[in-house]
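Residue numbers (our numbering): 692 to 1483.
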């Protein structure tokens, strides 16, 4: 027992003697463990928050569009559905205050609450059949437009504007993120609003019955049961059946979470790997420095197992110091991260649960990292031969080829030759420094790569692909009797738009939702038509070139090939509630956002029904005030909706807010990682070479020259790690971007010309900064004590 206590006491004493290096290793472990617990805990909390809201509001598992709603609902129930609701949904223009926009009206029962996709009224009261003009406004729209109970909104339907009164503000599981469709996940916040209106009123406005059937499945229903219900609804006449996973809002939120989940594992592993390397360097150098003591102990009968346990104990203590602190900080950060995310996105339910298993995993990470870093040095200590270890520590090896080559470089300063010699004399020390450089560059470049790629993708989407500045919807359903039956209201709209101050170009477009089908696969998307030589939209092919619209076919996002198992040249079916059209897939496009289908206006008109409204794309002239343009154009006669294409940037920043913050933190922590690992390596380098450095100082070599020799060696080792680090960093950035790939988003790696040089300079700066503690240690070195110890 006394031997155990003595060993433990020595382990603690040794760690205290190098407390600065121990703290650096522990901080690296702390960051890795805290990042893992905070991000993994937040991911689970956010998933639980979504699930709680979905369960509370009976979020639909399946949504069928088209067909006779009664027949479709009956088929779903016979196939095993737990609950069904039929409703009407339309997308009419809205007038909110002075803003005209293309909104959405969803029918709800005027008396009872819906069995599927209920709403949570947060302000005011639910709908009432006694107040047919009372509506509920979805919370995001209420926040954007400042709507409250009693405010008035106008709905353009059945050829005219219908005033309604806000009866309440509601939260809907369908619109936790306000996405119009999978192709419009991100849009102008002032161009989309959802109203919940009594079902009988919506039917009167649309002149149709229910066009959607919502279905919930029994708890823990198997995928086979879900597939059977979906198949039964299609057989009953449904044009399209989408799952909960495909629902635009849910898909957008989980796409964001999925990417965040990938990063929450990968980045902490980089920190923990770096910590293991730093721990190895620290203890390996200690074993080397203590070889005479180890030899003496083993010659005196000390058992090898005790030596192994002694150094493993040091690694374990380092790991536990970092892990325990990391667990505490990670647990505290989990709640803050969860609440920050739900507050930013307006998620109605915030579930912050304790996750003790994550704390256990975090502690295990610390133990494994500490022990793995100590394992090799401990085994090396146990294999020490007493006779070799007890020889004069000053005995040196014969110079190798590299040392003899460097010695012949007489034109170089002595300090430089010493640095060049030492870089390859201690290969393990150099390799450890290089590995720290590589890990830091991976972390920094992965973060910077995602940041620059996302920014470039947004610029490309809204500058090179979507070239319009705004989209205008106008009423062209009737002729003005004052101008005669031959009067064309569409011509008047185009004339007004072209003559508006600040407008440079106007083009008509046809757009609407369709379901693309091929070979038993289907995909709900958007079909957009343009004039053949359009200047409002660019079409970039998958080989990087640009193409024009085909005269008799369609172009589609590259993701459609995976969704439908289709190839260029195949015929696909486009279904709407009003019929089907068969078109040829003429080409695939590389677009960062969405998987839409494009055609000429004539081809699009053959597939899309006449909505009684016309849509126009406009481009502004020069640098105009966008708010002024919105007001100017919405005042034009016949204009019923307006959307600013560039206002989507604000929506993007909100949607990717958590990711932006995470990337920013990773860039900062990448510098900390580089500093910590390189600092430990260099500090141990000073300890290992105490005799050599003391000899130089005794011989009168100035402190500056001694420090520069050591710094040159360390910086050379850092520079040697740069090429591999830059390469692996680029590969890591591409891998992280690929984790976001889906039909919603596709990002190519775009690193600016400055990214690689800046990352390399940043790591070199961290390495240079870490020289200061080493220089300070040389200055404070007790030369007399070192000489006495060497003499003995």
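No residue lacks a Cβ here, since even glycine has one placed at the ideal position from N, Cα and C.
Rounded C-alpha distance that separates residue i from residue j
{"i": "residue 1018", "j": "residue 1446", "result": "33 angstroms"}
{"i": "residue 1100", "j": "residue 982", "result": "34 angstroms"}
{"i": "residue 1038", "j": "residue 1118", "result": "54 angstroms"}
{"i": "residue 1047", "j": "residue 731", "result": "12 angstroms"}
{"i": "residue 1171", "j": "residue 922", "result": "Confidence at residue 1171 is low in this model, with a pLDDT of 47, below 50, so its placement is unreliable and no value can be given for it."}
{"i": "residue 989", "j": "residue 1069", "result": "14 angstroms"}
{"i": "residue 900", "j": "residue 1164", "result": "25 angstroms"}
{"i": "residue 1281", "j": "residue 1235", "result": "8 angstroms"}
{"i": "residue 750", "j": "residue 1003", "result": "53 angstroms"}
{"i": "residue 996", "j": "residue 1075", "result": "12 angstroms"}
{"i": "residue 898", "j": "residue 1424", "result": "52 angstroms"}
{"i": "residue 1407", "j": "residue 1114", "result": "7 angstroms"}
{"i": "residue 1059", "j": "residue 1035", "result": "36 angstroms"}
{"i": "residue 1323", "j": "residue 1189", "result": "12 angstroms"}
{"i": "residue 844", "j": "residue 818", "result": "16 angstroms"}
{"i": "residue 849", "j": "residue 1304", "result": "11 angstroms"}
{"i": "residue 733", "j": "residue 739", "result": "10 angstroms"}
For residue i, three-class secondary structure by DSSP
{"i": "residue 1284", "result": "strand"}
{"i": "residue 1056", "result": "helix"}
{"i": "residue 1289", "result": "strand"}
{"i": "residue 1204", "result": "strand"}
{"i": "residue 884", "result": "coil"}
{"i": "residue 874", "result": "coil"}
{"i": "residue 1321", "result": "helix"}
{"i": "residue 1048", "result": "helix"}
{"i": "residue 750", "result": "coil"}
{"i": "residue 1276", "result": "strand"}
{"i": "residue 817", "result": "coil"}
{"i": "residue 831", "result": "helix"}
{"i": "residue 708", "result": "helix"}
{"i": "residue 1173", "result": "Only weak support is given to the placement of residue 1173: the predicted model assigns it a pLDDT of 45, under 50, and the value that follows is read from those uncertain coordinates. Residue state, collapsed to three classes: helix."}
{"i": "residue 991", "result": "coil"}
{"i": "residue 1444", "result": "coil"}
{"i": "residue 804", "result": "coil"}
{"i": "residue 1216", "result": "strand"}
{"i": "residue 847", "result": "strand"}
{"i": "residue 1396", "result": "helix"}
Among the options, the one whose alpha carbon lies nearest that of residue i
{"i": "residue 800", "options": "910, 848, 792 and 779", "result": "779"}
{"i": "residue 1441", "options": "1139, 1007 and 1163", "result": "1139"}
{"i": "residue 881", "options": "1273, 1318 and 709", "result": "1318"}
{"i": "residue 797", "options": "1449, 965, 816 and 894", "result": "894"}
{"i": "residue 783", "options": "834, 888 and 847", "result": "847"}
{"i": "residue 854", "options": "739, 892 and 819", "result": "892"}
{"i": "residue 1413", "options": "1330, 1064, 1121 and 1306", "result": "1121"}
{"i": "residue 1366", "options": "1024, 920 and 1459", "result": "1459"}
{"i": "residue 1148", "options": "925, 717 and 1285", "result": "1285"}
{"i": "residue 904", "options": "936, 805, 1001 and 941", "result": "805"}
Buried/exposed call for residue i, threshold 16 Cβ in 10 Å
{"i": "residue 703", "result": "exposed"}
{"i": "residue 1452", "result": "exposed"}
{"i": "residue 803", "result": "exposed"}
{"i": "residue 875", "result": "buried"}
{"i": "residue 829", "result": "buried"}
{"i": "residue 1195", "result": "exposed"}
{"i": "residue 1192", "result": "exposed"}
{"i": "residue 1027", "result": "exposed"}
{"i": "residue 1258", "result": "exposed"}
{"i": "residue 1262", "result": "exposed"}
{"i": "residue 1328", "result": "exposed"}
{"i": "residue 1123", "result": "buried"}
{"i": "residue 856", "result": "exposed"}
{"i": "residue 1241", "result": "buried"}
{"i": "residue 1210", "result": "exposed"}
{"i": "residue 816", "result": "exposed"}
8 angstroms contact criterion, which residue i and residue j should meet: CB distance rounded
{"i": "residue 1250", "j": "residue 945", "result": "Actually they are not in contact, since the Cβ atoms of residue 1250 and residue 945 sit about 17 angstroms apart, beyond 8 angstroms."}
{"i": "residue 1431", "j": "residue 954", "result": "Not confirmed; about 10 angstroms, so no contact."}
{"i": "residue 712", "j": "residue 1371", "result": "5 angstroms"}
{"i": "residue 879", "j": "residue 1316", "result": "Actually they do not touch by this definition, with Cβ atoms about 16 angstroms apart."}
{"i": "residue 930", "j": "residue 1186", "result": "Rounded, the Cβ-Cβ distance is 37 angstroms, inconsistent with contact."}
{"i": "residue 1014", "j": "residue 1053", "result": "6 angstroms"}
{"i": "residue 776", "j": "residue 807", "result": "4 angstroms"}
{"i": "residue 1135", "j": "residue 1420", "result": "7 angstroms"}
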